[in-house]
Each structure stands twice: as C-alpha cells, then as structure tokens.
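Take a look at the structure set out below.
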Amino acid sequence: MRGPKIPAMPDTSYYKHHVFFCLNERTNGESCCAHQGAQAAFDLCKSRVKSLGLNGPGGVRVNKAGCLDRCAAGPVLVVYPQATWYSFVDEQDIQEIIDSHLVKGQVVERLLVPPNVGR
Ligand code: FES
2 MRGPKIPAMP DTSYYKHHVF FCLNERTNGE SCCAHQGAQA AFDLCKSRVK SLGLNGPGGV
62 RVNKAGCLDR CAAGPVLVVY PQATWYSFVD EQDIQEIIDS HLVKGQVVER LLVPPNVGR
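Letter by letter, the sequence shown follows residues 2 to 120 of this note's numbering.
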C-alpha cells in the first residue's frame with residue numbers, strides 16, 4: 002500500500018536563502034574545509050547577515066554543516082533553495098556572496114563550484 006504523496010514544492014520556502022557552510026574537520030591529514038578558513042568565513046557571514054538585518058523567516062539563515070561531499074572544491078557553502086554552490090578563498094569572497102547573492106539575488110559566477118567537482 003502506498004503512503005501519502007509528498008506535497009509539491011511550495012512556491013516559497015521558509016527562508017529566502019538558506020546557507021550551509023561545510024565546517025568539517027579531518028584529523029587524518031586529508032584536506033577539509035575546516036583547515037581552509039571555513040569557520041572564520043561562517044562567523045563573518047553569520048554576523049554580517051545579522052548586522053544587515055537579513056536574518057529570519059523570509060530572509061536569510063546561515064547554518065553549519067558537516068562534510069557536503071564536495072571537498073575537492075573546498076571550502077564550500079551552498080545556498081538553498083536555489084542549490085547554488087560556492088567555493089571561497091577569503092573575506093572578500095564572502096562579502097561578495099552576501100552583497101550579490103543574498104542581498105540582490107544575483108549569482109556570483111566567478112565563485113561557482115563546477116558541476117562535476119565532488120569529493
Ligand atoms: S570537507 Fe567540506 S565538503 Fe567535504
């Protein structure tokens with residue numbers, strides 16, 4: 002017997018932009034986002050989003066995540082519901098993602114993770 006159908010995707014999501022930063026740390030010597038500045042980038046993004054008043058329902062939520070399995074592009078973050086994957090290097094990259102994607106809704110093309118990059 003079949004269970005209830007999963008409802009269709011709503012036109013609107015609870016957050017306009019839900020951002021997940023991989024903060025995974027490996028202790029076996031393999032590369033990981035935690036060893037490439039992910040925590041500082043997360044902290045910067047979280048505080049900047051709050052100071053701009055973007056946080057909250059209908060706005061932006063910034064969350065920690067474990068390994069997102071796209072380590073080869075790390076450090077990475079992903080913005081849902083658009084499923085836009087970014088790789089970043091420094092504070093300027095995070096600022097640009099905030100100012101362009103989260104504030105203006107414009108993708109930062111130069112920071113996109115290529116579709117075929119995985120672990
Ligand atoms: S360690 Fe960050 S995506 Fe895997």
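From the three backbone atoms N, C-alpha and C, an ideal C-beta is built for every residue, glycine too.
Between the segment 81 to 94 and the segment 55 to 66 there are fewer than three inter-stretch CB-CB distances shorter than 8 Å, so the stretches are not counted as touching. In the displayed model, Val104 falls within a helix according to three-state DSSP.
Annotated as distal: Tyr87 and Val118, with beta-carbon spacing of 8 Å or more.
With a beta-carbon spacing of about 5 Å, Cys23 and Val77 fall inside the 8 Å limit used to define contacts.
In this structure, the CA atom of Arg71 is about 17 Å from the CA atom of Arg111. Assignment of Phe43 by DSSP, reduced to helix, strand and coil, places it in the helix class.
Arg62 carries a strand assignment under DSSP once its states are collapsed to helix, strand and coil. At least one heavy atom of the ligand FES lies less than 7 Å from the C-beta of Asn25.
For the 8 Å CB-CB criterion, Lys17 and Phe43 do not form a contact.
Around Leu53, the same chain offers Ile99 and Val104 as residues with beta carbons nearer than 8 Å, after the five sequence neighbours per side are excluded.
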